[in-house]
Structure formats: C-alpha cells, structure tokens
Amino acid sequence: MTSSRTRNAAGSQAWLGLMIAIAAFAATIFLWSEAQADTLDPATPEGMVRLSEVNEGALLLKTVEAGVYVPAPLVATDIALDISGPVVRATITQRFENPSEAWVEGTYVFPMPEDAGVDRLRMQIGERFIEGEIHERQQARQIYERARAAGQRASLLEQERPNMFTTSVANIGPGETIIVQIEYQDVARLRDGTFEVRAPLAITPRYIPQDVGYQLASTGSISRSSVPDAHRITPPIMHPDSEPGEGLRLPVTIRANLDAGFELGPVASRFHATYVEHTAPGQATVRLADGPIPADRDFVLTWRPANETAPSAALFTETVGDETYLLAQILPPAQLGADTPRRPRETIFVIDNSGSMAGESMRQAREALIFALERLEPTDRFNVIRFDNTMEQVFPDAVDASAVNLATAIGFVRRLDAEGGTEMLPALVAALNDSRPDETGRVRQVVFLTDGAIGNEQQLFEAIDVGLGRSRLFPVGIGSAPNTYFMSRAARAGRGTFTHIGQISDVAEVMEKLFTALERPVMTELDALFPRDALAEIWPAPLPDLYYGEPVVMTARLQSTEGVMLVEGELAGETWREQLSLANTRPASGIATLFGRNRIRSIEETRFQGAYQDTIDAGVLRTALEFSLVSRLTSLVAVDVTPARPVADPLVQRDIPVMAPDGWDLEAVSDDRIDPVQHAALDTALIDQLRPGRDPNAQAVDENGVPLPATATPREMMMWLGALMMLIALFWLIANRERRLW
Numbered sequence: 166m167t168s169s170r171t172r173n174a175a176g177s178q179a180w181l182g183l184m185i186a187i188a189a190f191a192a193t194i195f196l197w198s199e200a201q202a203d204t205l206d207p208a209t210p211e212g213m214v215r216l217s218e219v220n221e222g223a224l225l226l227k228t229v230e231a232g233v234y235v236p237a238p239l240v241a242t243d244i245a246l247d248i249s250g251p252v253v254r255a256t257i258t259q260r261f262e263n264p265s266e267a268w269v270e271g272t273y274v275f276p277m278p279e280d281a282g283v284d285r286l287r288m289q290i291g292e293r294f295i296e297g298e299i300h301e302r303q304q305a306r307q308i309y310e311r312a313r314a315a316g317q318r319a320s321l322l323e324q325e326r327p328n329m330f331t332t333s334v335a336n337i338g339p340g341e342t343i344i345v346q347i348e349y350q351d352v353a354r355l356r357d358g359t360f361e362v363r364a365p366l367a368i369t370p371r372y373i374p375q376d377v378g379y380q381l382a383s384t385g386s387i388s389r390s391s392v393p394d395a396h397r398i399t400p401p402i403m404h405p406d407s408e409p410g411e412g413l414r415l416p417v418t419i420r421a422n423l424d425a426g427f428e429l430g431p432v433a434s435r436f437h438a439t440y441v442e443h444t445a446p447g448q449a450t451v452r453l454a455d456g457p458i459p460a461d462r463d464f465v466l467t468w469r470p471a472n473e474t475a476p477s478a479a480l481f482t483e484t485v486g487d488e489t490y491l492l493a494q495i496l497p498p499a500q501l502g503a504d505t506p507r508r509p510r511e512t513i514f515v516i517d518n519s520g521s522m523a524g525e526s527m528r529q530a531r532e533a534l535i536f537a538l539e540r541l542e543p544t545d546r547f548n549v550i551r552f553d554n555t556m557e558q559v560f561p562d563a564v565d566a567s568a569v570n571l572a573t574a575i576g577f578v579r580r581l582d583a584e585g586g587t588e589m590l591p592a593l594v595a596a597l598n599d600s601r602p603d604e605t606g607r608v609r610q611v612v613f614l615t616d617g618a619i620g621n622e623q624q625l626f627e628a629i630d631v632g633l634g635r636s637r638l639f640p641v642g643i644g645s646a647p648n649t650y651f652m653s654r655a656a657r658a659g660r661g662t663f664t665h666i667g668q669i670s671d672v673a674e675v676m677e678k679l680f681t682a683l684e685r686p687v688m689t690e691l692d693a694l695f696p697r698d699a700l701a702e703i704w705p706a707p708l709p710d711l712y713y714g715e716p717v718v719m720t721a722r723l724q725s726t727e728g729v730m731l732v733e734g735e736l737a738g739e740t741w742r743e744q745l746s747l748a749n750t751r752p753a754s755g756i757a758t759l760f761g762r763n764r765i766r767s768i769e770e771t772r773f774q775g776a777y778q779d780t781i782d783a784g785v786l787r788t789a790l791e792f793s794l795v796s797r798l799t800s801l802v803a804v805d806v807t808p809a810r811p812v813a814d815p816l817v818q819r820d821i822p823v824m825a826p827d828g829w830d831l832e833a834v835s836d837d838r839i840d841p842v843q844h845a846a847l848d849t850a851l852i853d854q855l856r857p858g859r860d861p862n863a864q865a866v867d868e869n870g871v872p873l874p875a876t877a878t879p880r881e882m883m884m885w886l887g888a889l890m891m892l893i894a895l896f897w898l899i900a901n902r903e904r905r906l907w
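Counted from 1, the sequence shown has number 787 at position 622 by the working numbering; the numbering is strictly sequential.
Right under this line is the structure:
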C-alpha cells in the first residue's frame, strides 16, 4: 500500500516536472524570437533603429513596436560666467543634437541658481538668431504649441521651481543641431570673507508624497494634493551603469571672467579642477582643467581678497531709462560680539536617512552630526530625530548634554543607514514642537541635515511659518546637488542660515563655521535709512536677521542718488551703524533684473503671512512682465516664422534623461523593501524612473507611440534563465522516473 502511494506521488511529480519543462521551453522560444525580431524584420520605421543596426554607444528610447527604438537627442551645455564685483551675468548655451532620421521635440529639465533672474532666451538656427519674448505662461505655451503643430522651429523656457527650469525645443530636423541660449543675472554670495558663485549642474530627484491629506494639528489644514505638478519636476533619470562608457552624454564646459574690484587672493573651484589665469590686478580667467565635465555635480567658484582687512562694503547702481537701481552689500565687522559669553542652547538635530542620502551623502551627514554633538557643552540641551518614510526620536524630549546622553545619541547616529522615502514633514513638525515656549535662558535652534530631495516644498514652508515660534532653523545641505531652493527659503522662513557640505573632506570646516555662527550673537532689527525722497522701494523688506560672517544684501529703486544711506542694527545689546554715500557707487549692469527678482521672491513669500493668492499672482505677473523675467506665471518663447517640418511628417516627443547626482545610490532610492505608511508613500512614477532595467512609463505613451526614456529589458538573461529551468526540470524528471522504476 505504501509502495503504491509512493509510486503515484512519484508519477505526479514526474508529470509536474514534464509540464514545467514544456513551459520553460515555450518561454525560451518566445523570448528568443522576440530578441531576434530586429533581424527577422528588415522593415524598420523611418527615424527608428533596431539593436542590430546600432554600432556605437547611443541612448535608445523604446517604442510600442517590439525591437524598435529611437535614438534620444543629445544636449551639450556651455556656461559662461562674467563676474563684476558681486554681480554675475551668466550665459547658458544648450546644443540640442538630433542623431535620428525623424523630426523630434526635445524636453530638457535643468537646474538654475535659486535666486537667479532669467531674462533672455535666444534660438540659433544656422546663422540666424531668434529672440525670445516674455508672455504670460499659458499664452507662451499656446504660442509654442501652435508653432510646433505648424512645423515651425520653436523654443520654450518655463520655470518649474525657482531653481528648476524646462527647455522645450520643437521640430529638430534629422541630423540637425538647434542652439538655445539662456541668460540670467545673479549675485555672488559673501560669507566669512569668501565670495562664492554656484552654477548648478545636477538635479536631485524629488520625492513625491502620496496625496493622502496629511493634517497639521496646529492649523487643521488639509492638503489633498501635496505636489500638483509632480510630473513636471520628476524628469527621467538615467542609471549610472547605462551612461556611455566613453565620452559624456551631457557634457558641460565652463568659463568664468572675474573682475573682483580689489586685489585677488586665492581663486579656486571647490569640486572641479580648474586653470586660473590672473590677467590683471583684480582680474582672472577661470576654465576647466580637464575639458568637459558631466552634469552630475554643481560647479562652485570661490575667491577672496588679498588684503583681508579691506573694506567689505560696496554699492553698485544701474540706470535703466529714468530709473536708478541700487545693489548694496555690506559685511558687519566680525569682531563685534566675539568675546560675548556663550549662551546655553537647546539644539534639535534632524537627520535625513532616506534612500536619496545613500552612499557618500549619508557618510557626510553622519560625520557632520557627530561633529555637532561633540561641540555641545554640559549647559546645553539637545535631541536627535531621524526620518525616512518613518520617524524616530532618540529621546522623548530634549535632554541635558551629559556624557551618557551624548554617547547614546552618537551610537544611534553611527548605526544609521539610508533607505526609504523622504517624508520630511512629520520630522519638521516634531522638531519645531517646543515644550518650553516661554523659556528665555536658552536659544532654541533646529539643525536640519538633508539633501532636500522633496517636491512638496510648499507644505514644509507652511509648517515652518506656523510652528517656528522662538526656534531658529538652520538647514545643512548634503551632497553634490542639494535642493538649494528649499534650503535657502527654509532658512529665511526659519530666521536662520543655510550651509552646504559638498564632500566628506568639507565636514569639519563647514560645521566649524556653522557653530561659530550659532554661538555668536545675532544682528537683529536691521534697517536701511535713506535721505528724504531718495527711496522708491527696497527688497527684501523687512531685512532679515544676520549671523556671524553674513553680509547685508539689498536691492532698491531710487528716486535720487544724493545724500547718505545709513544701515543699522542691534548686536549684543549695542547699536551697529554703517554710513555709505549714494553718490559713491560703482556702475554695474543687471541690477534692475536682480531688483525685479528680489521683488518677485518677496511677493511670493507673503503667502505665508496670510496674503491672498490673487493679490500675490497679480504682483508676480506685473513684476515679471515689467522686468522680462521668467517666473511661475511667465515664460520666454522663441519661434522661427519659417516652417521647417512638413506637416504630414510625424513629430516624436522625447524627454532627455538627466544624470544621477554624483555619489547617489539609486538602488537605495528605488528599494522594493520600502513600506509606505498611511501618510508617506513614494510616487510610483518616480520610483520606476529610478529603478534600473525597467520601463519607467510603460503606460505613458504619447500620440506618436513613443514612451518616455527607459533602459532595455534583460531579455538575454531571461532566455538563459528559461533554458536553465528547463534543464533542471528534465533532470528532476529523470531522477523521479528512476525512483519509480526501483
């Protein structure tokens, strides 16, 4: 009886093995036929290629037809920085090259400095230049779409965030190159005697929370759509393993002409090798030492005066029509308050350990936080909060900085690893929750270490405005391409300051400067006083608090340049004053653009003080049109009146994937182990874009039948796997057959 049951079981197992073998064989044949489709069918659609036709490195986009791909357009970028004093005029030249035989439309999302005033767009076709015109955003989009449909070459520049823009170029002909030139105005940052200009090159992919209606207990407000434009700020990103082995897919060249206005000391780039040629006293030319660089790390140029005791106050003016615009940059003397006794502090450290921080960024954040903890004194109190798509506090509330408590916190920080989503809002609300709001003996400071890889900035700004109280917020940007728009705006809203750690070797220096600033008195009650009838308006208004080493930077529109401007503030219980003659200024171009950009930024930020949205929109639109600036409500569009593409020929739309920021671990970002909680979930579209070897937009096919960029599927590996499964099943069948016969 037992023998019969054994034989029946063995027979069933044998039949099961045979069925598995047949299924595996069929799957192998199917996959093999798909892989050979490109060689069996020689009729390739126009403008597309098959894998067998590709004989050099290329970025290919999958189409709805199996085995058929289209080559993606290439983008090369040249950046020219012309610096006069602290004023920066930048020109970005983007060359869109179409390597295919089809007519294409290319869309490229790229970063900008968060406070830049973008005011010019030119499109070059052959020897002709077409100037862009500023229009209300919807109108500019309509002009562009009409030109695209009519076969005219056109370019559209739109702002997605103050530090993220999109260039769209329609009707790039087969084998054709179209050049788009963008210009913007910026100002060099001055801190601790060092001037700094940043040219952003990489975009940190944004984390998009699910629309679940996270509620702030302090306000009772519910936002059902945390990021309405998520699709606009999450461009496809190419996995580093898919980048060309030779050459660069998105090469960047950079040249800077520097006229500092004083004798130069050290001139250097923080993260890239450069050649510096001193052409005259106070002047230098800077260029990359090793040729084009990849667009995966921001370029940062710094310089210092040779005479460290030189005056650090400067006024610059520009006359446009009948209007005079002023830029003032004044550094209060650093020695004020240097000997003031250190006040006890309550410091809440928040560290981002989400997947976007994996690798070098996490190491930087851990080292920075440990350095900060070791700076605390026994009279201080502290706590540590970490967050990914969950949140955890080391202590229920702030505790004394005793040796035991510090050891507990440092051990916790050393064990942190990076994974999960970037649910920043709950951690920020917890850090701002002050259990002692009436305490005056301690300064309460929140130090926030993150790369800012989020798309719901609006929610976070609202939380800061509601919950700040007596706290001061100090974002520390981590990584090669932090979200500086979020960091800078959060620092202004939190009445703190923003610092950046770009590589592990910077941790000690940057954190030392930050804590020197935190431990020094803050200059408050800043004000600028002008002669009667001299001032028309000034931005920002009111002036912010200042920390050690930071300058007063303001822009104004003047009605007269007669008399003296007085800047004053309160520092360590004493009044600080600086007098500057309005007649003693240096001419500079672009001050009007900076004034307009500052006005727009200040108007936008009034939303957090209760201003009506309609009033904000009207002020932003009026200012942007007056100063020809790209903004949330305006865009630049350039159209060639001569049709180029026959209307009957199809137009293929292609999003150009950005590069992964240097040091990013994309596998950690797209980890399948992420377990979203109710109010914290990854945007599935973003995850699919980041996951290697997967079609990120399998359902997102445009009217021309071409999905957004994706890497190829691993079908060769699947074929071998199928064959191996078939072989194992056959061996199992034979083994069970022998057992049955025995």
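C-beta: ideal position from N, C-alpha, C; glycine also. As the structure is a prediction and not an experimental result, all values here were calculated from the model.
Residue i - DSSP class collapsed to helix/strand/coil
| i | result |
| --- | --- |
| F436 | coil |
| M277 | coil |
| R660 | coil |
| T399 | coil |
| I458 | strand |
| V717 | strand |
| I344 | strand |
| T695 | Note on identity: in this sequence residue 695 is Phe, with Thr being the wrong assignment. Here F695 sits in coil by DSSP. |
| P405 | helix |
| R540 | helix |
| V569 | helix |
| V229 | Bear in mind that the predicted position of V229 carries a pLDDT of just 43, short of 50, making it too unreliable to give a figure here. |
| A863 | Interpretation of A863 is limited by its pLDDT of 36, a score under 50 that renders its predicted location unreliable; the figure taken from the coordinates is listed afterwards. Correct three-state label for A863: coil. |
| G250 | coil |
| T799 | strand |
| V823 | strand |
| T649 | helix |
Beta-carbon contacts of residue i that lie in its chain and below 7 Å, excluding the five residues immediately before and after
| i | result |
| --- | --- |
| G316 | N336, P808, A809, R810, P811 and V812 |
| G728 | P696, A699 and L747 |
| D630 | A658 and F773 |
| I893 | none |
Short Cβ contact (8 Å threshold) for residue i with residue j
| i | j | result |
| --- | --- | --- |
| L798 | A789 | yes |
| G714 | V465 | no |
| L700 | T489 | no |
| P457 | V417 | yes |
| F639 | F613 | yes |
| A319 | R313 | yes |
| F536 | A656 | no |
| M589 | F626 | no |
| L413 | P459 | yes |
| G297 | L794 | no |
| R607 | D599 | no |
| A618 | S521 | yes |
| E428 | P400 | no |
| D830 | A523 | yes |
| A693 | S767 | no |
| G734 | L691 | yes |
Cβ-Cβ separation, residue j to residue i (assumed contact under 8 Å), whole Å
| i | j | result |
| --- | --- | --- |
| L581 | N621 | In fact, because the Cβ distance is near 23 Å, the residues do not count as touching under 8 Å. |
| A255 | Y349 | 5 Å |
| T331 | N648 | Incorrect: roughly 16 Å between the Cβ atoms, too far for contact. |
| N263 | E341 | 5 Å |
| I347 | V823 | Not confirmed; about 17 Å, so no contact. |
Beta-bridge partners of residue i, as assigned by DSSP
| i | result |
| --- | --- |
| T242 | Q259 and V417 |
| N548 | I513 |
| E918 | Since the first and last residues shown for the chain are 166 and 907, residue 918 lies out of range. |
| Y349 | A255 and V283 |
| G642 | T615 and H665 |
| M556 | F552 |
| I368 | Note: I368 sits in no beta bridge, so no partner. |
Spatial neighbours of residue i in its chain, beta-carbon cut-off 6 Å, leaving aside the 5 residues before and after
| i | result |
| --- | --- |
| R764 | W704 and T788 |
| G755 | V252, R254 and Q350 |
| L423 | I248 and A449 |
Chain C contact for residue i (CB, 8 Å cutoff)
| i | result |
| --- | --- |
| N472 | No chain C appears in the structure shown, which is made up of a single protein chain. |
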